[in-house]
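In this note's numbering, the protein residues as written are 96 to 322.
Think of the CB as a built atom: it goes at the ideal place given N, C-alpha and C, for glycine as much as any other residue.
As structure tokens, this is what we get:
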């Protein structure tokens, strides 16, 4: 079955995992695999098979019990769910070190997303070319912004709120900020922060959890041996 009307209030963790599933399905397709079970997809993505089934159940039925999922069919459905058939354009505000690195690295692994424009308030940066994209002045921002645009804030510390307001005035309603200072988005604008420290915290917690599980396992074995 295909994707029907998108449900509301889907947990964020489910949407995050859908992106993982899409990546794993692309890899399966490159390996020449035509079908995949929930257990195989779960193993490849590092999640439980029940998570795969529960996540997909929000959007309909995509496979048959006992025969698994069509790799190409499920990938196409997930891309539709995530809006990646006609993905939003991506613009960057800030042509400093972070903005330049982002544009130069490209989005080749993002399956359809492309950097379309980069802007900066520094006249010395306006007009230079970064990965074939010419830096534009902020006065041109509104021409590149609309409700279907994703904007990336990559400005200097202390300038994040100003950048966010400029994007909102230009019509952008979805923003990722690499500037981790607290920002106050206007109503209706979706704002996400992208910070390495958060990912480091998650990995640090994962390391401690593994150590705790090993310690618990060792204590259980020792207890059994001494009984």
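Contacts around residue i, its chain only, beta-carbon distance under 6 angstroms, and the 5 residues preceding and following it disregarded
i	result
residue 182	207 and 208
residue 137	143, 144 and 147
residue 150	109 and 112
residue 115	140
Span of the beta strand (DSSP E) around residue i
i	result
residue 285	285-288
residue 323	It is not possible to answer for residue 323, since the shown part of the chain is limited to 96 through 322.
residue 248	244-248
residue 180	Unbroken run through residue 180: none, as it is neither H nor E.
residue 231	228-232
residue 271	269-272
First through last residue of the alpha helix (DSSP H) which encompasses residue i
i	result
residue 116	107-125
residue 238	236-239
residue 219	First-last for residue 219: undefined, no H or E at that position.
residue 198	192-200
residue 101	No alpha helix (DSSP H) contains residue 101, which DSSP labels as neither H nor E.
residue 260	255-265
residue 149	144-152
Same chain only: Cβ atoms within 8 angstroms of residue i, ignoring 5 sequence neighbours per side
i	result
residue 117	170, 173, 174, 177, 179 and 206
residue 110	177
residue 261	188, 233 and 236
residue 162	130
Neighbour-count burial assignment, residue i, 16 or more Cβ in a 10 Å radius
i	result
residue 295	exposed
residue 272	buried
residue 291	exposed
residue 293	exposed
residue 298	exposed
residue 241	exposed
residue 196	exposed
residue 213	buried
residue 305	exposed
residue 258	buried
residue 123	buried
residue 319	exposed
residue 120	buried
residue 125	exposed
residue 303	exposed
residue 239	buried
residue 307	exposed
residue 255	buried
residue 141	exposed
Sequence-distant residues of its chain with Cβ nearer than 7 angstroms to residue i (five each side left out)
i	result
residue 216	233
residue 107	none
residue 199	225 and 226
residue 128	166
Problem - Given 8 angstroms, three or more beta-carbon pairs between the segment 127-138 and the segment 101-111 - result: Contact between the segment 127-138 and the segment 101-111 is absent, because fewer than three Cβ pairs lie under 8 angstroms.
Exercise for the section: Evaluate the contact criterion for the segment 220-240 versus the segment 270-287: three or more CB pairs, one atom per stretch, below 8 angstroms. Expected result: The segment 220-240 vs the segment 270-287: no contact.
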